[in-house]
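Just below is one structure, and these are the notes that go with it.
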Amino acid sequence: MIRNLRSAYQAGPGHRDDFLVLLPDRTPIGHTALSGQNIVNGTAQVELMLAPQHRGHGHGTDALDALVDLAFGELPMHRLTAETHTDNAPALAVLARSGFVREGTSRAACLHRGRRHDLAVFSLLRPEWETLNRPRAWDA
Numbered sequence: 757m758i759r760n761l762r763s764a765y766q767a768g769p770g771h772r773d774d775f776l777v778l779l780p781d782r783t784p785i786g787h788t789a790l791s792g793q794n795i796v797n798g799t800a801q802v803e804l805m806l807a808p809q810h811r812g813h814g815h816g817t818d819a820l821d822a823l824v825d826l827a828f829g830e831l832p833m834h835r836l837t838a839e840t841h842t843d844n845a846p847a848l849a850v851l852a853r854s855g856f857v858r859e860g861t862s863r864a865a866c867l868h869r870g871r872r873h874d875l876a877v878f879s880l881l882r883p884e885w886e887t888l889n890r891p892r893a894w895d896a
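Per the working numbering, the sequence shown starts with residue 757, numbered consecutively.
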């Protein structure tokens with residue numbers, strides 16, 4: 757996975773990398789993505805989606821932590837961003853547990869099922885990641 761992420765990063769800015777989230781028995785339960793990679797600024801956006809029946813078991817935090825560790829540990833990223841609906845309490849909690857800091861709100865920024873929704877905007881900087889007191893994905 758690290759090799760694929762590194763080679764895709766070298767492909768150029770704006771590239772998107774998607775990864776399956778698998779249970780230990782290799783059952784797919786969702787995906788993560790690193791998108792909008794900018795080689796000049798060292799920035800990218802992280803995304804996470806889990807099947808509803810697999811939420812609330814720590815899989816989202818584990819998957820996001822692994823993606824963040826790849827982005828900062830293997831690529832010269834300096835800043836990662838994430839967005840979620842302001843009323844998506846589980847996603848807000850996952851981002852906070854993974855060290856992301858809420859920066860603000862993008863008002864009416866998302867059209868979902870015919871309604872406008874506000875988005876909570878988060879970021880995580882490399883120096884913040886370096887001080888996180890948790891095992892790295894490669895230590896697991």
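Every residue gets a Cβ at the ideal spot worked out from N, C-alpha and C, and that includes glycine.
In this text, all values refer to a predicted model and were calculated from it rather than measured experimentally.
Tell me which residues share the same chain as residue i and place their Cβ nearer than 7 Å to its Cβ, disregarding the 5 neighbours each side in the sequence.
i	result
residue 815	777, 785, 806
residue 832	798
residue 828	882, 885
residue 779	785
residue 859	877, 878, 879
residue 764	Low confidence applies here, because residue 764 scores a pLDDT of 49, under 50, leaving its location unreliable; read the following figure in that light. Excluding sequence neighbours, residue 764 sits near 771, 773.
residue 759	Any answer about residue 759 is weak, because its pLDDT of 48 lies below 50 and its placement is not dependable; what the coordinates show is given next. Once the five neighbours on either side are set aside, residue 759 has no close Cβ partner at all.
Classify residue i as buried or exposed, calling it buried when 16 or more other Cβ atoms lie within 10 Å of its own Cβ.
i	result
residue 824	buried
residue 849	exposed
residue 774	exposed
residue 802	buried
residue 864	exposed
residue 870	exposed
residue 793	buried
residue 855	buried
residue 783	exposed
residue 887	exposed
residue 757	Here residue 757 scores only 40 on pLDDT, less than 50, and its place in the model is too uncertain to base an answer on.
residue 895	exposed
Would you call the CB atoms of residue i and residue j closer than 8 Å?
i	j	result
residue 866	residue 875	yes
residue 790	residue 804	no
residue 893	residue 836	no
residue 817	residue 853	yes
residue 846	residue 811	yes
residue 861	residue 840	no
Going along the chain, which residues of its own chain have a beta-carbon closer than 6 Å to the beta-carbon of residue i, five neighbours each way excluded?
i	result
residue 851	838, 878
residue 822	893
residue 813	none
State yes or no: is the C-beta of residue i nearer than 7 Å to some heavy atom of the ligand GTP?
i	result
residue 875	What this structure holds is no ligand at all, so the ligand GTP is not there to describe.
In the DSSP assignment, what residue or residues form a beta bridge with residue i?
i	result
residue 886	Answer is none; residue 886 lacks a bridge partner.
residue 784	778
Looking only at its chain, what residues have a beta carbon closer than 8 Å to the beta carbon of residue i, apart from the 5 residues adjacent to it on each side?
i	result
residue 890	821
residue 868	841
- Message: Quick check for students: name the residue ranges of the beta strand (DSSP E) that lie wholly in the stretch 780-839, counting only runs of 3 or more.
- Response: 784-794, 799-806
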